[in-house]
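At the far end of the sequence shown sits residue 292, using numbering that gives the first Met the number 0, and the numbering has no gaps.
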Amino acid sequence: MTLSSLAKQNLLTEFASLQYACPEGLYVALTPGDPTLWAGVLFVRRGPYAPAILRFHISFQLDFPSGPPLLTFSTEIFHPLLTPLTTYTYTTNSSDSDPVSATDEERLPPGGFSLRHGFPHWFGRARRSAASSRTASGSHHGSDSVATLVPSTGISMSGEVPLLARKDTSVYEVLEYLRSAFSNEDIIDAVPLESAANPGAWHAWHAYKGASLRPVSGLSSSRNSQEFGSGPSVASYDAGVAGKARKPGQWNWEGVWEERVKKGLQASLSDPVLFGGIGAGEDAVCCPFPPRL
0 MTLSSLAKQN LLTEFASLQY ACPEGLYVAL TPGDPTLWAG VLFVRRGPYA PAILRFHISF
60 QLDFPSGPPL LTFSTEIFHP LLTPLTTYTY TTNSSDSDPV SATDEERLPP GGFSLRHGFP
120 HWFGRARRSA ASSRTASGSH HGSDSVATLV PSTGISMSGE VPLLARKDTS VYEVLEYLRS
180 AFSNEDIIDA VPLESAANPG AWHAWHAYKG ASLRPVSGLS SSRNSQEFGS GPSVASYDAG
240 VAGKARKPGQ WNWEGVWEER VKKGLQASLS DPVLFGGIGA GEDAVCCPFP PRL
């Protein structure tokens, strides 16, 4: 099945509007012949991930805008909301009792960017509740009306997830949240562990900020035992407890975030990533609109 003609036209309209109102440092281009697949590049101009240049794709599913688009990065970067390119273990399902399975419809692929924190109404219980309310033929009103996320971008700074939220989320809001997630430390701080696509990066970030690690609550044992990320050692055990099973929140994350992000920044600025070549696997970075100076 494919998107209806009306849905495709709406996507084209939203794309055209980005020429006049696009988040700073973010550029997108349509895939020829397929308005449901966009290519994008993010120039991080401030914040902890500057000056990274990150490439990604946006795939709009059949249920958009009722359901979320899929954002997939082709540039490896150590971020709490971004699944590593070498793993396929994260689910956006908020249920702690459900195991991660190959049939999980909310499972993120390698490089997938989690939108669950910024747009909770698209996921888990909130999405199922919204679907149930729609099938109730609109018989309830007043106190049962759909709740509205307070910030215009859908970002919950407290990390609280409302049961229901508005459905008219625009592509601009998704892109603005994406930009903020890499340039605004407050957004990263507000991400709860349950919404992190890379729990290892979440722990490393909070260790880097010097804040006390939050309790590893609401996390299934299967996720606690997963490997978080790739490359050099993500964390090290204390010498006195070597060989003992420890939860990620009890590991020594000192210096991990700085090392991993530094390597990611250098890689994102390398010639093979920017201009293509062996190992790049994609075309060169290009911007559909003139960069803002």
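Even for Gly, the Cβ is constructed at its ideal location relative to N, Cα and C.
Exercise. Consult DSSP for Pro-198 and reduce its assignment to one of helix, strand or coil.
Key: Reduced to three states, the DSSP call for Pro-198 is helix.
Self-check item: Same chain, Cβ closer than 7 Å to Glu-253, neighbours up to 5 away in sequence not counted
Solution: Same-chain partners within the cutoff: Ala-206.
Quiz item: Which partner residues does His-56 have in the DSSP bridge list?
Solution: Residue pairing of His-56 in beta bridges, as defined by DSSP: Ala-38, Thr-71.
Exercise. State the DSSP-derived secondary structure class of Tyr-171, mapped to helix, strand or coil.
Key: Helix at Tyr-171.
Quiz prompt | Buried versus exposed call for Thr-1 [16 or more other C-beta atoms within 10 Å across all chains shown] | solution = A residue is called buried when at least 16 other Cβ atoms come within 10 angstroms of its Cβ; Thr-1 does not meet this threshold and is exposed.
Practice problem: Look at Val-190 and His-120 and say whether their C-beta atoms are less than 8 Å apart. | Solution: Going by C-beta atoms, Val-190 is not nearer than 8 Å to His-120.
Quiz item: Under the three-state reduction of DSSP, which class applies to Phe-112: helix, strand or coil?
Solution: Reduced to three states, the DSSP call for Phe-112 is strand.
Quiz item: Can you name the residues that DSSP bridges to Asp-33?
Solution: The partner list for Asp-33 (beta bridge, DSSP) reads Thr-30.
Self-check item: Helix, strand or coil at Leu-25 [DSSP, three-state]
Solution: DSSP places Leu-25 in the strand class (E or B) of the three-state scheme.
Practice problem: Measure from the alpha carbon of Trp-201 to the alpha carbon of each residue in Lys-262, Leu-174, Pro-34, Glu-257, then state which is nearest. | Solution: From the listed residues Lys-262, Leu-174, Pro-34, Glu-257, the smallest Cα separation to Trp-201 is found for Glu-257.
Exercise. Identify which residue in Glu-193, Ala-38, Val-170, Gly-263 has its Cα closest to the Cα of Gly-297.
Key: The structure shown does not extend to residue 297, since the chain spans only 0 to 292, so no value can be given for it.
Self-check item: Closest Cα partner of Leu-9 within the set Arg-45, Thr-30, Pro-64
Solution: The residue asked about is misnamed: residue 9 is Asn in this sequence, not Leu. Considering only Arg-45, Thr-30, Pro-64, the residue with the shortest C-alpha distance to Asn-9 is Pro-64.
Quiz item: How about Ser-269 and Leu-53: do their beta carbons lie closer than 8 Å?
Solution: No; because the gap between Cβ atoms is not below 8 Å, this pair is not in contact.
Self-check item: C-alpha distance - Ser-3 paired with Gln-60, whole-angstrom precision
Solution: Distance between the alpha carbons of Ser-3 and Gln-60 is about 11 Å.
Self-check item: Backbone CA spacing between Val-43 and Ala-196 [nearest angstrom]
Solution: Across the structure, Val-43 and Ala-196 are spaced so that their CA atoms are roughly 20 Å apart.
Quiz item: For Ala-38 versus Ala-28, is the C-beta distance shorter than 8 Å?
Solution: Yes, the Cβ-Cβ distance between Ala-38 and Ala-28 is below 8 Å.
Quiz item: How should Leu-107 be labelled, buried or exposed, when 16 other C-beta atoms within 10 angstroms of its C-beta is the threshold for buried?
Solution: Classification of Leu-107: buried, given that the 10 Å Cβ count is 16 or more.
Self-check item: Glu-172, buried or exposed, once every other Cβ within 10 Å from all chains shown has been counted against 16
Solution: Its Cβ being crowded by 16 or more others within 10 Å, Glu-172 is buried.
Quiz item: Closest to Phe-72 by CA distance: which of Pro-34, Pro-198, Leu-264, Val-40 is it?
Solution: Of the candidates Pro-34, Pro-198, Leu-264, Val-40, the one whose C-alpha sits nearest the C-alpha of Phe-72 is Val-40.
Quiz item: In whole angstroms, what separates the C-alpha of Asp-33 from that of Ile-57?
Solution: Between the alpha carbons of Asp-33 and Ile-57 lies a distance of about 12 Å.
Exercise. Return the Cβ separation of Ala-51 and Leu-273 in integer angstroms, given the expectation that the two are a contact with Cβ distance under 8 Å.
Key: Contact flag wrong, Cβ pair sits at about 11 Å.
Self-check item: With 16 other Cβ atoms within 10 Å as the buried cut-off, status of Thr-85
Solution: Result: exposed.
Quiz item: Under a three-way DSSP split, which group does Tyr-19 fall into?
Solution: DSSP places Tyr-19 in coil when its eight states are reduced to three.
Exercise. Under 6 Å Cβ to Cβ from Tyr-48, same chain only, skipping five residues before and after it: list those, please.
Key: These residues qualify, in order along the chain: Phe-181.
Self-check item: Closest Cα partner of Leu-177 within the set Lys-7, Val-255, His-78
Solution: His-78 is the residue among Lys-7, Val-255, His-78 whose C-alpha sits nearest the C-alpha of Leu-177.
Quiz item: Leu-264 by DSSP, collapsed to three states: which one?
Solution: If DSSP states are grouped into helix, strand and coil, Leu-264 belongs with the helices.
Practice problem: Note down, in chain order, each residue of its chain lying with its Cβ closer than 7 Å to the Cβ of Glu-184, except the 5 sequence neighbours on either side. | Solution: Excluding residues within five positions, the ones whose Cβ falls inside 7 Å are Gly-46, Pro-47.
Quiz item: Would Ser-118 pass as a contact of Leu-81 if the rule is Cβ separation under 8 Å?
Solution: Note that residue 118 is Phe in the sequence shown here, rather than Ser. Contact: no.
Exercise. Kindly indicate which three-state DSSP category Arg-106 falls into: helix, strand or coil?
Key: Arg-106: strand per DSSP, three-state reduction.
Quiz item: CA-CA distance, Ser-169 and Pro-67?
Solution: Going by the C-alpha atoms only, they are around 10 Å apart.
Quiz prompt | Straight-line gap, Leu-69 to Gly-209 (C-alpha atoms, nearest Å) | solution = The straight-line gap from Cα to Cα measures roughly 32 Å.
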